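Asker: In this text, residue positions in the sequence shown follow my numbering: the first is 1, and each later residue adds one. Glycine residues also receive a C-beta, built at the ideal position from the N, C-alpha and C atoms. Being a predicted model, the structure only gives us computed values, none of them experimental. Would you mind keeping the following structure in view while I ask a few things?
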Amino acid sequence: MFIQLWHEGAIRKEGGVGAYSKFPTICPSGLVKAGRPSGTPATPEDLESIKDAFVRGALAAREMGADGVEIHACHGYLLDQFLWAETNRRTDGYGGDAIEDRVRFPAEVVAAVRRAVGADFLMSIRLSQWKEIDFAAKIVRGPDELRMMLNALREAGVDLFHISTRRFHQPEWPGSDLGFAGWTRLLGRAPVITVGSVGLELDVMESFAGKEVEPKVEQGLAKLVRRFANHEFDLVAAGRSNISDPQWVKKVREGRYSDIHIFKKEHLGTQEFDNMAYVADAFREHMEAMQLQYKTEI
Ligand SMILES: Cc1cc2nc3c(=O)[nH]c(=O)nc-3n(C[C@H](O)[C@H](O)[C@H](O)COP(=O)(O)O)c2cc1C
1 MFIQLWHEGA IRKEGGVGAY SKFPTICPSG LVKAGRPSGT PATPEDLESI
51 KDAFVRGALA AREMGADGVE IHACHGYLLD QFLWAETNRR TDGYGGDAIE
101 DRVRFPAEVV AAVRRAVGAD FLMSIRLSQW KEIDFAAKIV RGPDELRMML
151 NALREAGVDL FHISTRRFHQ PEWPGSDLGF AGWTRLLGRA PVITVGSVGL
201 ELDVMESFAG KEVEPKVEQG LAKLVRRFAN HEFDLVAAGR SNISDPQWVK
251 KVREGRYSDI HIFKKEHLGT QEFDNMAYVA DAFREHMEAM QLQYKTEI
């Protein structure tokens, strides 16, 4: 079990009501995307206090008994705003056109967490090219920039790369069939999780918009198996499928594709809390099964 540590940066709207309404919105350059101002650029003191907050979160996760933490650096939230040239126009060595500079603050967060938790506590980092605010965004323009970014994060102490795409099976750059996870696996020198429309035709943002299409679960999973056999990733994450059908893993394992309840927007909200209890039960069952298998293998 990993706990994800998360800061919204410029995506957060200032004001409103509630416990945090008086706090400012802090981000790299006061932008949520080019031409869209939001929040205030972080001062050097703000950067230190954000790092401290990640460290406190990681220590709390360890104290709770988590196996690791995941640093959220994707989808257009704070650390991703540092990685993306469009939202990071800083001139203090933490931003601008070079990925070596834009990765500096996320890598410092990783290093600070690693120093605090020690060598044995696992740390994943979740990365994406796409943002909720811009599906076509790119934090890295090609394999060389990707290698630089991954090296910096790896040297700072990351154990695992969690690569979020809207669709896991889309090739990332012309001239190769490799997806973004596959490229990360090739260049990152660490295990990789893939995520994004596993067993689903629509991506998460299309689902949230209420779209529905004919499911093709078996064909979708065949694409996953082909890429897994090609060593493009080590682990697979499935989000919506486990929300709409807590028995999803079991049904996939047994090949019962037509029994799967395909995710629809209405699975969030009214059914969400009931389903979450089912997910927790199903998860516990899987963990117990895996534990047995693990012991047997030893
Ligand atoms: C209700 C809901 C909440 C989510 N919350 C988070 C989150 O807190 N952090 C995160 O990194 N991704 C979050 N996501 C994105 C999922 O982790 C996942 O990347 C996305 O749903 C794509 O996977 P899928 O195609 O298997 O659903 C959320 C998705 C859903 C549907």
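1. Based on the DSSP secondary-structure assignment, which residues constitute the bridge partners of residue 74?
2. From the DSSP output, in three-state form, read off residue 1 for me.
3. By how many angstroms is the C-alpha of residue 125 removed from the C-alpha of residue 169?
4. Return helix, strand or coil for residue 184, following the three-state DSSP convention.
5. When the distance is taken between beta carbons, is residue 241 closer than 8 Å to residue 263?
6. Report buried or exposed for residue 230, applying the criterion of at least 16 other Cβ atoms within 10 angstroms of its Cβ.
7. May I ask which residues mark the beginning and end of the alpha helix (DSSP H) holding residue 150?
8. Grab me the residues of residue 29's own chain with a C-beta within less than 7 Å of its C-beta, minus the 5 sequence neighbours each way, in chain order.
9. Give me the Cβ distance between residue 160 and residue 110, rounded to the nearest whole Å; I'm assuming they're in contact under 8 Å.
10. Verify the contact flag: residue 239, CB atom, against every heavy atom of ligand 1, threshold strictly below 7 Å.
11. Taking 8 Å as the limit between beta carbons, can you name the residues of its chain near residue 271, skipping five residues before and five after?
12. With H, G and I counted as helix, E and B as strand and the rest as coil, what does DSSP make of residue 193?
13. List the DSSP bridge partners of residue 236.
14. In terms of alpha-carbon separation, which member of 185, 253, 218 and 200 lies closest to residue 228?
15. Let me check one thing: in DSSP terms, what residues is residue 163 bridge-paired to?
16. Under a Cβ-count criterion, where at least 16 other Cβ atoms within 10 Å of its own Cβ denotes burial, should residue 131 be classed as buried or exposed?
17. Mind checking which residues open and close the beta strand (DSSP E) that includes residue 33?
Answerer: Taking the geometry as given:
1. Along the sequence shown, read from residue 1 onward, the residue named residue 74 stands at position 74. According to DSSP, residue 74 bridges with nothing at all.
2. Position 1 of the sequence shown, counted from the start, is the residue given in the question as residue 1. Looking at residue 1 - three-state DSSP - the assignment turns out to be coil, as it is neither helix nor strand.
3. Position 169 of the sequence shown, counting from 1, holds the residue named residue 169. Position 125 of the sequence shown, counting from 1, holds the residue named residue 125. Cα to Cα, the separation comes out at about 20 Å.
4. By 1-based counting over the sequence shown, the position of residue 184 is 184. Helix, per DSSP.
5. For the purposes of this step, residue 263 is taken as residue 263 along the sequence shown, with counting starting at 1. For the purposes of this step, residue 241 is taken as residue 241 along the sequence shown, with counting starting at 1. Yes, Cβ-Cβ distance for residue 263 and residue 241 is below 8 Å.
6. Position 230 of the sequence shown holds residue 230. Looking at its Cβ environment, which holds fewer than 16 other Cβ atoms inside 10 Å, residue 230 is exposed.
7. By one-based count along the sequence shown, residue 150 stands at place 150. Its alpha helix (DSSP H) spans residues 143 to 156.
8. Counting from 1 along the sequence shown, the entry for residue 29 is found at position 29. Excluding residues within five positions, the ones whose Cβ falls inside 7 Å are 41, 87, 88, 89, 90 and 95.
9. Against the sequence shown, residue 160 aligns to sequence position 160. Against the sequence shown, residue 110 aligns to sequence position 110. In fact, because the Cβ distance is near 12 Å, the residues do not count as touching under 8 Å.
10. Here residue 239 corresponds to residue number 239 of the sequence shown, with the count starting at 1. Yes, since a heavy atom of ligand 1 falls inside the 7 Å radius drawn around the Cβ of residue 239.
11. Locating residue 271 in the sequence shown gives position 271, where the first residue counts as 1. The predicted model places residue 271 with a pLDDT of 49, which falls under 50 and marks its position as unreliable, so this point remains unresolved.
12. Here residue 193 corresponds to residue number 193 of the sequence shown, with the count starting at 1. Note: residue 193 maps to strand in three-state DSSP.
13. Along the sequence shown, one-based indexing puts residue 236 at 236. Answer by DSSP bridge pairing, in chain order: 194.
14. In the sequence shown, the residue the question calls residue 228 occupies position 228. The shortest Cα separation from residue 228 among 185, 253, 218 and 200 belongs to 185.
15. Position 163 of the sequence shown, counted from the first residue, corresponds to residue 163. Residue 163 pairs with 127 and 194.
16. Position 131 of the sequence shown, counting from 1, holds the residue named residue 131. Residue 131 should be labelled buried.
17. Position 33 of the sequence shown, counted from the first residue, corresponds to residue 33. Residue 33 -> beta strand (DSSP E) spans 31 to 33.
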